[in-house]
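Chains as they are written, first to last, in the UniProt record's numbering: chain A, 1 to 479; chain B, 1 to 479.
Protein chains: 2
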Amino acid sequence: MAEIDWKPNRDLDISIQVQIIQYIKSKINNGEWTVGTKLPPQRELAALFEVNRSTVVSALEELIADGLLETKIGSGTTVCNTTWNLITKPSPNWHDYVQAGMHEPNVKLIQAINLAEADPSMIRLGTGELAPDLLPSAEISSLLRNADTLPLSYSEPKGSYALRIQLSQYLQKRDINVSPAAILITSGSLQALQLIAGGLLKKGSTVLYESPSYIQSVPVFQSAGINIFGLTKKDTDITQKIRQYMRTNDAALFYANPTFHNPTGRIWDITERQRLLQACQQLSLPIIEDDAYYDLWLDTPPPPPLKAMDTQGTVLYTGSFSKSISPGLRIGWIAGPEPVIDRLADSKMQTDYGASSLSQFAVERWLATDFHSGAIEKTRTALRARRDVVLKLLQENFKDIADWVKPLGGFYIWLRLHQSVPIHTLFEKAIQRGILLNPGQIYERNDTQHLRLSYAYASIDQFEYALKQLAYLIRNMKK
Amino acid sequence: MAEIDWKPNRDLDISIQVQIIQYIKSKINNGEWTVGTKLPPQRELAALFEVNRSTVVSALEELIADGLLETKIGSGTTVCNTTWNLITKPSPNWHDYVQAGMHEPNVKLIQAINLAEADPSMIRLGTGELAPDLLPSAEISSLLRNADTLPLSYSEPKGSYALRIQLSQYLQKRDINVSPAAILITSGSLQALQLIAGGLLKKGSTVLYESPSYIQSVPVFQSAGINIFGLTKKDTDITQKIRQYMRTNDAALFYANPTFHNPTGRIWDITERQRLLQACQQLSLPIIEDDAYYDLWLDTPPPPPLKAMDTQGTVLYTGSFSKSISPGLRIGWIAGPEPVIDRLADSKMQTDYGASSLSQFAVERWLATDFHSGAIEKTRTALRARRDVVLKLLQENFKDIADWVKPLGGFYIWLRLHQSVPIHTLFEKAIQRGILLNPGQIYERNDTQHLRLSYAYASIDQFEYALKQLAYLIRNMKK
């Protein structure tokens, strides 16, 4: 869909209609709107240009007469030619290119979410990110202000050595022993998964995971031609499911997220952890342990990570400062056996020549000056208060139509509706009321009963309004 | 190869030999050195641990007796077991995983270069990066210092809107008209290529380029299953070569780098540019125009970019602030038709959720406050002086054994040796003298006659020493 980033200027001597025609022509002629680009509906165009609909209609008619636009019933107005095309051969058919790429496009629902997130008035009930007022902007400013010089060169293949030293010490507090040489700095933990997918796995191999899962919402493995297969943890434990699966199939990895699981918020106890690790060691099945939420325990510290119990190099341990300090820094890591880290560092160099050295420096200073433990305590206090209010609001609005488990850390409440709802309708209706939802379907394809709520992002006032609206919508759908 | 990041502590009561044994055991047992990991040669180990070689030998012998290490003639000492392996089943065979990944590992020579670059004493004659003292560290510090708040959240899918507005104005100065909606911020321009490879191209398709080329040194297309095919500009012009190729073959893209070409430093004149654009438009062959060096003209501004002449959306215009401001920021862009940019933004979200918002902010402030034009003028002056001295040194040392063309901008001098040399031997001999080379082979597979020199990185003193040494080495090889 063509994006309108301009309004007519009423102070000019040129008529509004001509200005609109010129604007659209320039978009087409400089190649920004290629053949096939769809224009917004007339009513929307009128609103965007702040003119009467009749002005828009006249302008479009002229462009249609020029042969630049065409209108088809059902598909609205699209660009069908460029002025150059009319006299020469057609420009590259970018449409075919857009369809051909190997990266699968994000599923529609996720694209809709990404788009809605750009609207600042939208209440984001499920966003997996700290609210801007919870981010330690002042602290990071002061760290940067006190720096004598900023590192502005490319960093080493594995990332800033100073940061890796700090990370090594930081992970020690989780009982994980890794040296700086066994750590790779990544641009967030999504990139960690991407590097693993591209750098270690064969096309056509399978990654197992506990369903529902965040991993279902990002096509990072699928884009690399790798299958993902979700095991559900019903009745029997996940380890048994893995063994069962491996009896008749082959898998390349198990993706685990045992601490404040996204989206369920669940935390694996020590027995489950030991059992998983043992099974995977016996099966020679490597584990990716995604531990992005470890720092965000709210009541008591979580059990040790799998990696802390791993004496055989079975676990690739990924994490991120996106959830605990700031997502915008885009700093995460992978820790694991050195030859694997070397290989992934090589892939990383091919991908983007390393993470921002400014961001790496900010995180390094952050850890070195121990801002982290103070700030994280503040974040925990804020999240704890938010969680408790949201739980109270759920109790008030949802107790007869849904259930949930109090999360002990992380961001998420996995709201289970007692009855299925038509999830796309609910999503649309909520959007109309300015509420953005993360339906369970994003995390498990056939889910129609869950919503992922996050108490990290929306304000308490927004939650009060939105949960009331949401309960009303759901009740009305059930009738 | 195992990395040693530790030295024995002479103040402890434990013998040095036992400390070494414990260190190696811990590396093996925590899974950092997996089965197959190779240890450095004994002499090197002794130097790294700062002990006698006999101490190393005794320590290794004990570990071999324990069954943890093995020594084979020709391949040195490798890890053959972990203590856990001795009692349970083997750990995941990471070696197979490392071999299996789809990203092709960097060619050995490039890996050797990446590694040597980590050694701060190495004189880097070909590094495509501004020397640390040419980076505007103080200016960027002051920009960040004067910021009220830092943006620390995720940015929009296409990148910070404020930065895209600035970029749109910045590109206007190159006669390029693109609106913010038609720009995607990337983590450097290598990522731009990666997104294009993954997001727009079919597996098995072919990207054409002018050989030699930087593109040959980064397997970004090949890793995505895309072929690259170099056309040489001998006798006839490249446009004819493209037409010729397309008569019997199909290609998906032409990769162009017409301004201060990497590695040749060459600049296409306006006629060549027009001819290329026209041919590609007729052939419906899209162009990637990589314009990372545009700002770094030293004598007169370059002709307008292809993109400035593109009225049909044929050109995807990529660029970066890595060469002109700071590589560590990792900020680049792609500008092109909006539907294409939308698609690539979607891929970018899947890849790493966007570039560092701290880096984006720094560049946005940089452009908004117009630090750029002042600083770039300073950088030009410095580069001009460096270029002229290096040309003088070449004249003194190489005039009878090589030739070169004075570059009008960018970083590179493409030194052509009058006679072929065994390039790996030269590379190794230079390394032994503390000189790191970028042989032409990196940019054209069979090249044995070129070196890429960069006057941007090494100091003048270093150039004086290194060029003298290099000329000596080459003269001696020819005998």
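Here a beta-carbon is modelled for each residue, glycine too, at the ideal position from N, C-alpha and C.
Item, Value
"Three or more C-beta pairs below 8 Å linking the segment 187-196 of chain B and the segment 319-338 of chain B", "yes"
"Own chain residues within Cβ distance below 6 Å of residue 467 (chain B), not counting five before or after", "393, 397"
"8 Å Cβ cutoff met for residue 360 (chain A) and residue 314 (chain A)", "no"
"Sub-8 Å separation of residue 164 (chain B) and residue 196 (chain B) beta-carbons", "no"
"Length of the line joining the Cα atoms of residue 200 (chain B) and residue 388 (chain B)", "42 Å"
"Simplified DSSP assignment, three categories, for residue 333 (chain A)", "strand"
"Closest residue to residue 252 (chain B) among B:215, B:290, B:207, B:26 (Cα-Cα distance)", "B:207"
"C-alpha distance - residue 175 (chain A) paired with residue 369 (chain A), whole-angstrom precision", "21 Å"
"Per-residue contacts from residue 132 (chain B) into chain A (C-beta, under 8 Å)", "152, 153"
"Outcome for residue 236 (chain A) when other beta-carbon atoms lying within 10 angstroms are tallied against a minimum of 16", "exposed"
"Separation of residue 71 (chain B) from residue 77 (chain B), as counted between CA atoms", "4 Å"
"Listed by chain order, chain A residues near residue 2 (chain B) by CB distance under 8 Å", "338"
"Proximity below 8 Å, CB of residue 286 (chain A) to CB of residue 447 (chain A)", "no"
"Continuous beta strand (DSSP E) stretch holding residue 79 (chain A): start and end", "76-79"
"Chain B contact for residue 274 (chain A) (CB, 8 Å cutoff)", "no"
"Sub-8 Å separation of residue 80 (chain B) and residue 51 (chain B) beta-carbons", "no"
"Where residue 1 (chain A) falls, given that 16 or more other Cβ within 10 Å makes a residue buried", "exposed"
"Option nearest residue 470 (chain A) by Cα separation, candidates A:19, A:428, A:228", "A:428"
"CB of residue 267 (chain B) within 8 Å of CB of residue 409 (chain B), strictly", "yes"
"Residues bridged to residue 414 (chain A) [DSSP beta-bridge criterion]", "A:452"
"Residues bridged to residue 254 (chain B) [DSSP beta-bridge criterion]", "B:208, B:287"
"Residue 319 (chain A), enclosing beta strand (DSSP E) - first and last residue", "315-320"
"Helix, strand or coil at residue 70 (chain A) [DSSP, three-state]", "strand"
"Top-ranked residue by Cα proximity to residue 310 (chain B), from B:296, B:319, B:337, B:321", "B:337"
"Within-8 Å CB hit, residue 353 (chain A) to chain B", "yes"
"Under 9 Å by beta carbon: chain B residues contacting residue 220 (chain A)", "350, 351"
"Residue-chain proximity (residue 124 (chain B), chain A), Cβ-Cβ < 8 Å", "no"
"Beta-bridge partners of residue 435 (chain A), as assigned by DSSP", "A:123"
"Short CB-CB distance (under 8 Å) between residue 17 (chain B) and chain A", "no"
"Rounded straight-line distance, which links the Cα of residue 475 (chain A) to that of residue 348 (chain A)", "49 Å"
"Of the residues A:294, A:364, A:291, A:306, the one placed nearest residue 271 (chain A), counting alpha carbons only", "A:306"
"Contact with chain B by residue 20 (chain A), beta-carbon distance below 8 Å", "no"
"For residue 230 (chain A), three-class secondary structure by DSSP", "strand"
"Same chain only: Cβ atoms within 7 Å of residue 44 (chain A), ignoring 5 sequence neighbours per side", "none"
"Contact list for residue 157 (chain B) against chain A, beta-carbon separation under 7 Å", "114"
"8 Å Cβ cutoff, residue 145 (chain B) in contact with chain A", "yes"
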